[in-house]
Amino acid sequence: MTVKELQSEIISLRKKADATILAHYYQPIEIQEIADFLGDSLGLSRIAKEKTNTEYIIFAGVDFMAETASIINPDKHVMLPSYESFCPMAAFLTPEKVREFKKIYSELPTVVYVNSTAAVKAECDVCCTSSNAVKIVKAIKEEYDVEAVLFGPDANLADYAEQKSNIKTIKMPENGHCYVHSQITLEDIKTARKAHPNALLLVHPECKREVRDLADFVGSTAQMYNFAKESPPEEINFIIGTEEGLLERMAQDFHDKRFYIAKEKLICYNMKKHNLELIKYVLEHPDDKKHEVKVPSEIAKKAVIPIEKMLKYS
Ligand code: SF4
Numbered sequence: 007m008t009v010k011e012l013q014s015e016i017i018s019l020r021k022k023a024d025a026t027i028l029a030h031y032y033q034p035i036e037i038q039e040i041a042d043f044l045g046d047s048l049g050l051s052r053i054a055k056e057k058t059n060t061e062y063i064i065f066a067g068v069d070f071m072a073e074t075a076s077i078i079n080p081d082k083h084v085m086l087p088s089y090e091s092f093c094p095m096a097a098f099l100t101p102e103k104v105r106e107f108k109k110i111y112s113e114l115p116t117v118v119y120v121n122s123t124a125a126v127k128a129e130c131d132v133c134c135t136s137s138n139a140v141k142i143v144k145a146i147k148e149e150y151d152v153e154a155v156l157f158g159p160d161a162n163l164a165d166y167a168e169q170k171s172n173i174k175t176i177k178m179p180e181n182g183h184c185y186v187h188s189q190i191t192l193e194d195i196k197t198a199r200k201a202h203p204n205a206l207l208l209v210h211p212e213c214k215r216e217v218r219d220l221a222d223f224v225g226s227t228a229q230m231y232n233f234a235k236e237s238p239p240e241e242i243n244f245i246i247g248t249e250e251g252l253l254e255r256m257a258q259d260f261h262d263k264r265f266y267i268a269k270e271k272l273i274c275y276n277m278k279k280h281n282l283e284l285i286k287y288v289l290e291h292p293d294d295k296k297h298e299v300k301v302p303s304e305i306a307k308k309a310v311i312p313i314e315k316m317l318k319y320s
């Protein structure tokens, strides 16, 4: 079966199965093309809550995203096409670790990146994404009237929020990072700048500070997409410092612009575990529980609080 044939089969199966397909920008392009909704983690959380009215949500993203969708849609079945698609950054923080930090810094509120497990979210005061981390840190500081916040699991995003808000972030843990973004080095940027001297450099806040400091724009995947979309016609060239799926999306959508990756092989292999065959499989086998993501209700009840708080603040 060709890619086009598989795609059209999925489109007709999706209707019959009463399913909505949500896909992250880092998904392979052939999955992005058949998604009902495409976005970054905040965008997809919102869509899962506000725009899906089907019994099934097929989530082409990593486990924590599907957990979030399930927590805010407890009456729907959320399915991961590949049940092995997980985020290694989330593994940097456990609920036990959060409790240890809270014991030491009992007066401080806890901000947790959505790239975390539901059990970790259940221990925290508010969630954030890479689009709203600065705003959330400022809001929670005001609400608790404190000088610092606990922030996990991404130490680079915590550092970015601290740099932009002037509010100290205590990293839970000190070394939490995304292996895709944190591998971009100063040398890579110098090489990319040399190859494309007239290009603007757009990077993700999960990159290290030394890389972010050289960028023309720092933002989440959706913010980078909008930056390129809204840039004046004379801005044609862009170096992109994030997972290469976003670059493919932008190259398809903005034909008059040129996109270059900041470093070869910026790939999140966990995101890329999904494929069209697996999406077709879950649409044909919605009762295969191995693919369903369900958060235990006692954890879901607690984890929904920081998620709702984030949605209210953003
Ligand atoms: S790109 Fe990084 S943060 Fe995003 S899912 Fe992959 S490992 Fe996790």
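Heads up, the sequence shown is in the working numbering, so the first residue is 7 and it goes up one at a time.
Yeah, the Cβ is synthetic: ideal placement off N, Cα and C, and Gly gets one too.
The model shown is predicted, which means the values in this text are computed figures rather than measured ones.
Cβ shell of residue i (< 7 Å), same chain only, five flanking positions each side left out
i	result
residue 254	35
residue 57	43
residue 91	68, 69, 276, 277, 279, 280
Separation of residue j from residue i, as counted between CA atoms
i	j	result
residue 193	residue 245	14 Å
residue 87	residue 277	11 Å
residue 98	residue 136	17 Å
residue 108	residue 39	43 Å
residue 302	residue 76	10 Å
residue 68	residue 319	24 Å
residue 220	residue 291	48 Å
residue 227	residue 287	29 Å
residue 179	residue 18	45 Å
residue 399	residue 139	Past the edges of the chain, shown from 7 to 320, lies residue 399, and the structure says nothing about it.
residue 9	residue 41	14 Å
residue 315	residue 82	21 Å
residue 225	residue 63	27 Å
Beta-carbon proximity check, residue i vs residue j, cutoff 8 Å
i	j	result
residue 202	residue 247	no
residue 284	residue 20	no
residue 214	residue 173	no
residue 230	residue 208	yes
residue 102	residue 162	no
residue 311	residue 124	no
residue 160	residue 184	yes
residue 84	residue 66	no
Within-8 Å CB hit, residue i to chain D
i	result
residue 162	Here chain D cannot be found, since the structure has a single protein chain.
Contact set for residue i: own chain, Cβ-Cβ below 8 Å, skip 5 residues either direction
i	result
residue 143	117, 134, 155, 157, 167, 168, 171, 173, 175
Residues near residue i in its chain [Cβ-Cβ closer than 6 Å; skip 5 each side]
i	result
residue 51	74
residue 249	32, 186, 272, 274
residue 115	131, 146, 150, 155
residue 96	70, 121, 122, 123
residue 243	202, 204, 205, 264
The alpha helix (DSSP H) enclosing residue i, as first and last residue numbers
i	result
residue 107	101-110
residue 124	124-127
residue 305	303-319
Where the beta strand (DSSP E) through residue i begins and ends
i	result
residue 59	No beta strand (DSSP E) contains residue 59, which DSSP labels as neither H nor E.
residue 85	83-85
residue 206	206-209
Only counting runs of 3 or more residues, tell me where the beta strand (DSSP E) segments fall wholly within the stretch 155-199, in order along the chain. 174-177
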